[in-house]
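Here the sequence shown is numbered in the working numbering, starting from 1 and rising by one per residue.
Idealized CB from N, CA, C, for every residue including glycine.
Model, not experiment: these values are computed from the prediction.
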Amino acid sequence: MPVLFPNWHRVTPGVRHMLLGTLFFSAMTVFAKFAGERLPTMELVLARVLVTLVMSWWAIRRLGINPWGNDKKLLLLRGFAGFMGLSCYFYAINHLPLADATVIQFCNPMLAAIIAAFALKERLRGLDVFATLFSMTGVVLVAQPSFLFSSGVPLDPIAVLVGVVGAIFSAISYVVIRRLGSTEHHMVVVLYFPLVTGPASLPLLAVEGIVLPQGIEWLLLLGIGLAAQLGQIEITKGFKLETAGRASSVTYLQIVLAYTWGVLFFGEYPNAISIVGALLVVLGVFSLTRSPQS
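1. Count the other C-beta atoms from every protein chain shown that fall within 10 angstroms of the C-beta of F61, then say buried if there are 16 or more, exposed otherwise.
2. Using the Cα positions of L111 and D128, report the straight-line distance between them to the nearest angstrom.
3. Check the C-beta distance from V15 over to V250 and give it rounded, since I have them as a contact under 8 Å.
4. Can you find a heavy atom of the ligand GDP that lies under 8 Å from the Cβ of V139?
5. Is it the case that the segment 34-51 contacts the segment 155-175, given that we only count it when at least three CB pairs across the two stretches are under 8 Å?
6. Taking DSSP as the reference, what is the three-state secondary structure of S182?
7. Can you tell me whether DSSP reads D156 as helix, strand or coil?
8. Measuring alpha carbon to alpha carbon, tell me which residue in A159, S26, T41 is nearest S201.
9. Just verifying my parser: in three-state terms, what is the DSSP assignment at L120?
10. Let's see if you can read the secondary structure: which residues bound the alpha helix (DSSP H) around W57?
11. Following the continuous alpha helix (DSSP H) through V30, name the residue where it begins and the one where it ends.
12. Under DSSP, the alpha helix (DSSP H) around Y259 begins and ends at which residues?
13. Restricting to Cα atoms, I'd like to know which of K237, L257, F265, V276 is closest to P13.
14. Report all residues from its chain with a CB closer than 7 Å to the CB of Q254; omit the five preceding and five following residues, and keep chain order.
15. Cα separation between L96 and G79?
16. Report the rounded CA-to-CA distance for A206 versus T197, giving the unit in angstroms.
17. Can you list, in chain order, the residues of its chain whose CB lies under 7 Å from that of V335, leaving out five sequence neighbours each side?
18. Straight-line CA distance for H186 to L148?
19. Could you tell me the alpha carbon to alpha carbon distance between N66 and F265, rounded to whole angstroms?
20. Leaving out the 5 sequence neighbours to the left and right, which residues in its chain are closer than 6 Å to F31 when beta-carbon positions are compared?
21. Assuming G277 and E268 make a contact with CB atoms under 8 Å, what is their CB distance in whole Å?
22. Decide if F118 is buried, meaning its Cβ has at least 16 other Cβ atoms within 10 Å, or exposed.
23. P109 by DSSP, collapsed to three states: which one?
24. Just verifying my parser: in three-state terms, what is the DSSP assignment at Q144?
25. Since T243 is in the alpha helix (DSSP H), which residue starts that stretch and which ends it?
26. With a CB to CB cut of under 6 Å and the five nearest residues on each side skipped, what residues in its chain are close to P295?
27. Would you mind working out which of N70, R246, G64, A92 sits nearest P157, comparing C-alpha positions?
28. State the Cα-Cα distance for the pair L191 and I233, rounded to the nearest angstrom.
29. In whole angstroms, give me the CA-to-CA distance for L204 and L133.
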């Protein structure tokens, strides 16, 4: 990481964890894209949460931590909000152009900052607002949603509503993680996501139908779970050390990485507008790394 960021030692610890988590989650999307060529979506989701469940439970038992935590209501809310956010996001992806679904989902950092300002009484500083708005502008240019960049394709209003609901639940999940940082071990917070998402995913998987993985698909499923687990741990640590709005804004970098992997692995080349948007995202993240820790 110091090779990629020469001033890595000057980056605040919370932002460091968020950057690492974003890299892991980006790797997870590459594994999921390859595996998703044949396997159903909910099977990928279940693979993710099963690996997370096993690794989280093992780590918690090894550390001698109470797996059920202290604030069970908030922990369950974290799991439920995460499940709803993920489910709505997948629904939007399957019923909207990917660019539209992506830009809607990535509205959650601003939503998280707004919710945290009321729920956690967190102060929005000028540089935080600037970096967030800068990054959101970049995301819009990268995603190029059809409701801003005319494509002549009407959007399903129900799918748009579901996508917005998913972004709201994702923002709620971020804020709850931030709130739980003062009372819960980060591994307990991570554990509650698969505890809720796993059982909730089974009915949807039954509807889609199970496809038996073959050959390298087993490794791809394992990679999805491992990358997601490491990403979740780093993201959770990041939210414990940074305000919800600042921490969640770092995840915009995943959009830039997604376009990079698209060129390298899938032959997907962005246009000039996307490149400008990617630069704005990078500049926004850079502004966050230069901001003093709260």
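Once the coordinates are examined:
1. Translated into the one-based positions of the sequence shown, residue 61 becomes position 61. One detail in the question is off: residue 61 reads as Arg in this sequence, not Phe. R61 should be labelled exposed.
2. Counted from its first residue, the sequence shown places residue 111 at position 111. Counted from its first residue, the sequence shown places residue 128 at position 128. Rounded to whole angstroms, L111 and D128 show a C-alpha spacing of 13 Å.
3. On the sequence shown, position 15 is the one that residue 15 refers to. On the sequence shown, position 250 is the one that residue 250 refers to. Rounded, the Cβ-Cβ distance is 6 Å, consistent with contact.
4. Absence of the ligand GDP from the depicted structure is noted, as is the absence of any ligand whatsoever, leaving it without description.
5. In the pairwise beta carbon analysis, the segment 155-175 is classified as not touching the segment 34-51: fewer than three pairs are separated by under 8 Å.
6. On the sequence shown, position 182 is the one that residue 182 refers to. Note: S182 maps to coil in three-state DSSP.
7. Counted from its first residue, the sequence shown places residue 156 at position 156. Taken through DSSP and simplified to helix, strand or coil, D156 comes out as coil.
8. Taking the first residue of the sequence shown as 1, we reach residue 201 at position 201. Of A159, S26, T41, the residue nearest in Cα terms is T41.
9. Sequence index remark: in the sequence shown, residue 120 carries index 120 (1-based). It is coil, neither helix nor strand.
10. What you label residue 57 is simply residue 57 of the sequence shown in a count that begins at 1. Start and end: 41-63.
11. Counted from its first residue, the sequence shown places residue 30 at position 30. That run of the alpha helix (DSSP H) goes 13-35.
12. Your numbering for residue 259 matches position 259 in the sequence shown. Residues 253-266.
13. In the sequence shown, residue 13 corresponds to position 13, counting from 1. Ranking the options by Cα distance to P13, first place goes to K237.
14. Walking along the sequence shown from the start, residue 254 turns up at place 254. Apart from the 5 residues on each side of it in sequence, Q254 sits with its Cβ closer than 7 Å to the Cβ of T22, F25, S26 in its chain, given in chain order.
15. In the sequence shown, residue 96 corresponds to position 96, counting from 1. In the sequence shown, residue 79 corresponds to position 79, counting from 1. C-alpha of L96 to C-alpha of G79: approximately 25 Å in a straight line.
16. The residue given as residue 206 occupies position 206 in the sequence shown. The residue given as residue 197 occupies position 197 in the sequence shown. About 15 Å.
17. Shown here, the chain extends from 1 to 294; a query on residue 335 therefore has no answer.
18. Looking up residue 186 in the sequence shown gives position 186. Looking up residue 148 in the sequence shown gives position 148. When only Cα atoms are considered, H186 and L148 end up about 39 Å apart.
19. To locate residue 66, count along the sequence shown from 1; it is residue 66. To locate residue 265, count along the sequence shown from 1; it is residue 265. Distance from the CA atom of N66 to the CA atom of F265, rounded to whole angstroms, is 42 Å.
20. Counting from one through the sequence shown, the residue named residue 31 turns up at place 31. Hits under 6 Å: L220, G223, I224.
21. Looking up residue 277 in the sequence shown gives position 277. Looking up residue 268 in the sequence shown gives position 268. Actually they do not touch by this definition, with Cβ atoms about 15 Å apart.
22. One-based indexing of the sequence shown puts residue 118 at position 118. Exposed is the label assigned to F118, since fewer than 16 other Cβ atoms lie within 10 Å of its Cβ.
23. In the sequence shown, counting from the first residue as 1, residue 109 sits at position 109. Three-state result, P109: helix.
24. Position 144 of the sequence shown holds residue 144. The answer is coil: DSSP assigns Q144 none of H, G, I, E or B.
25. Reading the sequence shown from its first residue, position 243 is the one you call residue 243. Neither: T243 is in no alpha helix (DSSP H) and is coded neither H nor E.
26. Nothing about residue 295 can be read from this structure; the chain reaches only from 1 to 294.
27. Working through the sequence shown from its first residue, we reach residue 157 at position 157. Minimum Cα distance to P157 is reached at A92.
28. Start at 1 with the first residue of the sequence shown, and residue 191 comes out as number 191. Start at 1 with the first residue of the sequence shown, and residue 233 comes out as number 233. C-alpha separation (whole angstroms): 10 Å.
29. The residue you call residue 204 lines up with position 204 of the sequence shown. The residue you call residue 133 lines up with position 133 of the sequence shown. Roughly 36 Å separates the two Cα atoms.
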